[in-house]
Amino acid sequence: MAKTYLDPKILAKISRLDLKAKYVVEGFISGMHKSPYKGFSVEFAQHRGYVAGDDLKHLDWRVYAKNERLYIKQYEAETNLVTTILMDASSSMAYTSPNAKGASAKLEYAKLVVASLSYLVLGQSDAVAVGVFDQEIKDFVPRSTRKVHINRICATLAKIEPQNKTGVGAVMHAIAERVKRRGIIVVVSDLFDTLEDVLSGIQHLRHDGHEVVLLHLLDRDELTFPFEGLVQFKGLEIANQVLCHPRMVKKTYLEELHKFLTAVKGACTRNGVDYVQISTDTPVDIALSAYLTSRERMMLSGGRGAGR
Amino acid sequence: MSFLNAFLAGFAALAAIPIIIHLLNQRRFKVVSWAAMEFLLATIEKNSRRLQLRDIILMALRAAAIAFLALALARPTIAPGGLSLIGQQGETAAVVLLDNSLSMGYQVGNETRFALAKRKAKEIIEHLPPGSGVALVLVSDIPVDDIPEPSHDIAFAVSEVGKAPLSDGGTDIAGGIARAWKILKTAPAVSKEIYLITDNQANGWPSADNAAWSKLSDEIAAAKPAPKLFVTHVGDGATDNVSVDSLVAEDEQVTTESDVGFIATVHSHGTAPAHGVSVELQVGDGKAGPMRTVASQVLDSVDGVQQVRLETRFTEGGDHRVAVTTGIDHLPADNSRYLALSVIDRVRVLIIDGSPAESGQGFGGESDFLKAALSPRDLDAEEHKALIDTEVTSLAGLADKTLRDFSAVILANLGELPPGLVEGLKTYVKAEGHGLIIFLGDNVQPGRYNQLLYDQAGLLPGRLSEHMIEADEEAGAGKEHGFGFATSNLSHPVVSFFADKETQPFLAQPRFRKAFTVEIPAADLIASPAAPGATAPAPGASAPAPAPTPAPGTAPAAGSGSVAVVARFQGLQPAIIERSTGRGKVLLFASSASRSWGDFPLRPAFLMLARRMVAEVAGAHQPDKTMLVHDRIVETFGAKEAGAAVTVRDPRGGSSQITALLTQSGELSQVEDSDTHFAGFYQLTRPGAEAIHIFAVNPPRAESELEALDEASLRARFPKLDFQWLDGHAALTGVIDQKRSGREIWPLLFALTCLCLMAESFLALRWAPRGA
């Protein structure tokens, strides 16, 4: 298991989402001894000349090595990219593993991810908007750069209860219509929607120039299907129930899931979408830091970004 | 289906356990609210039917294994007919052995044992399970197949039981059971049953140490399935019975010349003597007319065996029926004894004299002595009718004679043997069944006789040797001249008259000066009178040549030849030799009827021997006509009668036809009949022929002994014999049902249990989900 920067016991004791988010972000920042990058929604835009007082950590040492000239990297943040975070609050996000003690529903995990990301973005003085959806956008917190915006976001998130089916594809289409300005769209969802609809939404957003990040949230049970004995599965979104011996269907289920995940990942790769599969048994800080670190590496090496 | 451990069959209900467990498990499950339902539904859609089927198969195998095990422990049996639902027919093969021996005719009240046995047989047959096959065998001293293979036609079987006749034969239960086993051995049936319905006569069962019976009963017991034996006892415990055990004529040769005595043996069986037993002697002629009582006696008390003598005189020659009968008792079939008798009336004898001139000169030739001995009274005197009517001729006068007009021909010192005479004698003896007597003498040329009468015609009993038996010329004082007859082993009918000590000296009287040595091949002999006890050669007689011994390397084939030595000389050389050839007989006298060879013709023995020899050959063509039930009747005819239909009438009025078949030699034809089931007189007739051939058939004596075995005795005698005793005087069906159990099928069920368990283990392992 990846090393967590946070003490899960402490995290569990914090009930306020905003505090949790703060704890998470500052935790992995301090643990990593540096900020993963300059703001979540930051990407390299251009160089400018060094002036006294600039933070040396933005110095482009390569250029200096080449030219012995001091240049500061200028990032998109400075160009005020807006990060819109969409959180799936459909019924399927209510799944809580019956096997793991103290496990939280996927939604709770998603809320912490959204709050943490919002905290990180606001900490970088970037604008962040948060939308909550199921079949459609249920609630939307418009963008703001103010640090107290996190309170509104967390308040909105806190009162969200999972309901209805997942309509990720339709929501992405709706966001594409809503958010005209190019930015970063982060979708936190279990993607239990029709694959074609999801891909269609992604393509719409990409077509509009957005950078799309897909945080595919799945519970460990959904990934491993560890059930024993006779189990009656009741659908959270679909009004179906199935009584079966899980061991008898495990292999086929995992094959079906793998097929789906492979299709999603492949589609994301083809469409230049950052795809991150997160298991809910992974500590949030580890999950986010891992992603953000890889994203920074990509950016610093001239990786893909919005508009590229 | 029935169960031998029925209470264990209830455990088959435990087969419901896997089902109950399955159902309970269906109720015990965790509930999980599941988000990734689409994937699960897709999975279920792919696997549901397969998974359901697997569940059902495994559950069924587990339930079946428990059920089969429980049923196997309960030891179920399939009752005969119980598998008819699944198409298996003929489950039980049964053989009914119906004892129809003489003793079954014992009557108590209004019903004989046999009638009771038939009633029980019908009851048993009608109670057989549906689809059964039944065979019917009538058991006496031979088993007779009435229905030789199991028949499913029950009505037909019942009908055959009704028609089954009571025989007069003995009892051989082992033979019946062997026959039943032979039928059942190859019968395809789940269950096999033998029903023996009998009065269980003790002498009808084999002895305890009978090897053949032990082997049979072991074979039956080891069979899979072993047939069940049901012994149905229809006896009544009665042992009192009066029977006539035997009937013989005092004289082997019965003639019209004198009275003849008959000795009947009356036997009172049982514990108490029989009183007031009437014994009647009945005779009938050779036709089919009624018998008449000619003599009778009443015995005041018969305790055990008692002989009775009854006398009569026959006035006509030919075949006669003779019977002795006692009064009616509970078992009438053994109250009579029968005898088929040939009575000799006038016998015409032709003497061919080889020395007619000598005969004409007073009384001295062979033919003179022979005629005097055979026909002692004047032929022309009406009031003196001789039994034997003789004519004398020479070879020259033979042309005027027809041989078949005579019952016997005597060759007296014949020197010449014309070919016509030899051929004529061959037909006369062999084909027509008449008799030939040969007296030798000075005219006889051994070589001619051997060539013509032995080699060519096959009439002479032995070859005449050139070496003669001669007595010494000189005799010492007080010693008799010549040699005589041996006076031991006088069993042959010709010489049996001299077996008595009063008459034996007459045989010792004649003195012979010479005789021919007759060489008889050992293989031709029927029996040879033994040497021990033979008298020493007479003083003055030279040591006679020893009797011919068998050739080295050969042994006398007792019973296989046709030649018998009737009498011997003191030196044991054959004196009178008999040969049965074709239908007739030849008697050879090794010496002469002339005084020139000794004083034999002057002795009284000559008279008796001559008459006896004539009587012996004159009745030669008559076969043995008194026999036991199930013995074979054999009658011979001439070759030209081959193909003729001979009608056989049995004592109960039934008749059948048998065709006369040519014998292997081609000289004769013959009929044989083994269907002699009844005691009494059988009559054989041919179309166009007047003669009626009479045969007397008697029941076996042992059948009159009614002592029976009860169940305990039977089990004591045969401890290893597995049988069920049924009381024939009570209802049988209930007892049979109790004892009749079907075939056990627990091995099959146990095998099915193992099969189900193995299949369940294999499939469960194969279908177990692997770690993904």
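Protein chains in written order, with this note's numbering: chain X, 159 to 466; chain G, 336 to 1107.
The beta carbon of each residue, even a glycine, is placed where N, CA and C say it ideally should be.
query	result
Member of X:F383, X:V279, X:V290 whose CA lies at the smallest distance from the CA of I467 of chain X	In this structure chain X extends from 159 to 466, so residue 467 of chain X is not present and cannot be described.
Straight-line gap, R1036 of chain G to D580 of chain G (C-alpha atoms, nearest Å)	6 Å
Three-way DSSP call (helix, strand, coil) for E335 of chain X in this model	helix
Backbone secondary structure at A464 of chain X - three-state DSSP	Low confidence applies here, because A464 of chain X scores a pLDDT of 41, under 50, leaving its location unreliable; read the following figure in that light. The answer is coil: DSSP assigns A464 of chain X none of H, G, I, E or B.
C402 of chain X burial status per 10 Å Cβ neighbour count (16 or more: buried)	buried
For I968 of chain G and T1011 of chain G, believed in contact at Cβ under 8 Å, the rounded distance	6 Å
Contacts around S927 of chain G, its chain only, beta-carbon distance under 7 Å, and the 5 residues preceding and following it disregarded	E701, N748, F774, L775, G776
M962 of chain G, buried or exposed, once every other Cβ within 10 Å from all chains shown has been counted against 16	buried
Cβ-based contacts, 7 Å cut-off: residues of the segment 376-400 of chain G near chain X	L376, A377, T378, I379, K381, N382, L386
Cβ of R363 of chain G within 8 Å of any chain X Cβ	yes
Amino acids of chain X, ordered along the chain, whose beta-carbon sits closer than 8 Å to that of F374 of chain G	Y411, E414, L415, F418
Sufficient close CB pairs (3 or more, under 8 Å) joining the segment 212-225 of chain X to the segment 318-326 of chain X	no
I804 of chain G classed as buried or exposed, judged by whether at least 16 other C-beta atoms fall within 10 angstroms	buried
CB of N535 of chain G within 8 Å of CB of G570 of chain G, strictly	yes
Spatial distance of I379 of chain G from L463 of chain G (CA atoms)	59 Å
Length of the line joining the Cα atoms of K264 of chain X and S248 of chain X	10 Å
Same chain only: Cβ atoms within 8 Å of E354 of chain X, ignoring 5 sequence neighbours per side	G327
Three CB pairs or more closer than 8 Å across the segment 375-383 of chain X and the segment 298-310 of chain X	no
Sequence-distant residues of its chain with Cβ nearer than 7 Å to S742 of chain G (five each side left out)	V682, R683, V684, H769, G770, A953
Option in G:A377, G:G596, G:A945, G:T822 with minimal Cα separation from E413 of chain X	G:A377
Classification of M1093 of chain G by the beta-carbon crowding that lies within 10 angstroms, buried from 16 upward	exposed
Contact with chain X by S368 of chain G, beta-carbon distance below 8 Å	yes
Paired residues, beta bridge with Q632 of chain G - DSSP	G:V614
Nearest neighbour of L415 of chain X, chosen from X:L357, X:F350, X:D284, X:V221 [CA to CA]	X:F350
Per-residue DSSP class, three states only, for M626 of chain G	coil
Neighbour list for L401 of chain X in chain G, Cβ cutoff strictly below 7 Å	F364
L388 of chain X, DSSP secondary structure in three states	coil
Reference K975 of chain G; option with closest CA among G:L997, G:G988, G:V964	G:L997
C-alpha gap between W1102 of chain G and M372 of chain G, whole angstroms	24 Å
Min CB distance A371 of chain G to chain C below 8 Å	Here the protein chains are X and G, and chain C is not one of them.
Beta-carbon proximity of I686 of chain G to E651 of chain G, cut-off 8 Å	no
Which of helix, strand or coil DSSP assigns to T420 of chain X	helix
Within 8 Å, strictly: CB atoms of K508 of chain X and V366 of chain G	Because chain X here runs from 159 to 466, residue 508 of chain X falls outside it and cannot be looked at.
Sequence-distant residues of its chain with Cβ nearer than 6 Å to Q588 of chain G (five each side left out)	A950
From G:E646, G:R739, G:T647, G:P500, residue whose alpha carbon lies closest to that of R448 of chain G	G:P500
Under 8 Å between C-beta atoms of A675 of chain G and K960 of chain G	yes
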